[in-house]
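Structure first, commentary second.
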Amino acid sequence: MENKDIQIYSGRSELSKSHAALVKIGEEATADAYAPYSKFYVGAAILLEDGNIVKGSNFENASYPLCLCAERVALASVHSQQPGAIVKMIAVTAKNPRKKVSEPVAPCGACRQVLCEYEKKQGTPMEVIICGETGKIVVFKSAAQLLPMAFDHTFL
Ligand code: THU
161 MENKDIQIYS
171 GRSELSKSHA
181 ALVKIGEEAT
191 ADAYAPYSKF
201 YVGAAILLED
211 GNIVKGSNFE
221 NASYPLCLCA
231 ERVALASVHS
241 QQPGAIVKMI
251 AVTAKNPRKK
261 VSEPVAPCGA
271 CRQVLCEYEK
281 KQGTPMEVII
291 CGETGKIVVF
301 KSAAQLLPMA
311 FDHTFL
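Numbering (this note's numbering) for the sequence shown: 161 to 316.
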């Protein structure tokens, strides 16, 4: 562990039950990825305050810029299925058949921005768990930690 806001675990066996369960569902979601171009299969699992779980996976397109990341697919799904639902935590993981993902998968900048917006909207922190197929797992207590000096509504 590094500090109380960012926890680093050396493997899945060190995780709490709730973190481990969500990571497992994130892993399962990699199987739903539509990623024929990158062949990098990302899964996200979101735990809502009411106990519901919503999955997402990356959703690619032959027109490459239209590819959607797993995190944003999952979050948009939450918003469409249960608008206003409070997100307690999101777990993100990935599979790469060519090269085992041995580092925690890093959410892209756009996903960080979107996670931060959702967190601000709900007014309560969401935990972000990132992991690879093996290796360490990082748990952020809040999405805001992923994007210092984020652009937000206060500028508008
Ligand atoms: N990708 C995600 O879905 N989430 C991430 O955190 C990193 C990248 C996807 C986008 C694209 O479909 C593939 O991984 C390769 O960039």
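Even for Gly, the Cβ is constructed at its ideal location relative to N, Cα and C.
Can you tell me the Cβ-Cβ gap for Ala-245 and Glu-279, rounded? I've got them flagged as a contact below 8 angstroms.
Within the sequence shown, the letter at position 85 stands for residue 245. Within the sequence shown, the letter at position 119 stands for residue 279. In fact, because the Cβ distance is near 13 angstroms, the residues do not count as touching under 8 angstroms.
Answer yes or no: do Lys-248 and Glu-287 have a C-beta to C-beta separation smaller than 8 angstroms?
Indexing the sequence shown from 1 puts residue 248 at position 88. Indexing the sequence shown from 1 puts residue 287 at position 127. Contact: yes.
Residue environment, Thr-314, which counts as buried when at least 16 other CB atoms sit within 10 Å:
Taking the first residue of the sequence shown as 1, we reach residue 314 at position 154. With fewer than 16 Cβ atoms within 10 Å of its Cβ, Thr-314 is classed as exposed.
Buried or exposed (CB count within 10 angstroms, at least 16 for buried), Ile-168
For the purposes of this step, residue 168 is taken as the residue at position 8 of the sequence shown. Looking at its Cβ environment, which holds fewer than 16 other Cβ atoms inside 10 Å, Ile-168 is exposed.
Spatial distance of Ala-193 from His-179 (CA atoms)
The residue you call residue 193 lines up with position 33 of the sequence shown. The residue you call residue 179 lines up with position 19 of the sequence shown. Between Ala-193 and His-179, the C-alpha separation is close to 21 angstroms.
For Cys-291, report the span of its beta strand (DSSP E) as first-last.
Walking along the sequence shown from the start, residue 291 turns up at place 131. Taken as a continuous stretch (DSSP letters only), the beta strand (DSSP E) holding Cys-291 covers 287–291.
In whole angstroms, give me the CA-to-CA distance for Ala-205 and Gly-216.
The residue given as residue 205 occupies position 45 in the sequence shown. The residue given as residue 216 occupies position 56 in the sequence shown. Using only the alpha carbons, I get a separation of about 6 angstroms.
Taking the alpha-carbon of Glu-209 as reference, which of Ala-310, Thr-284, Thr-294 has the nearest alpha-carbon?
Counted from its first residue, the sequence shown places residue 209 at position 49. Ranking Ala-310, Thr-284, Thr-294 by Cα distance to Glu-209 puts Thr-284 first.
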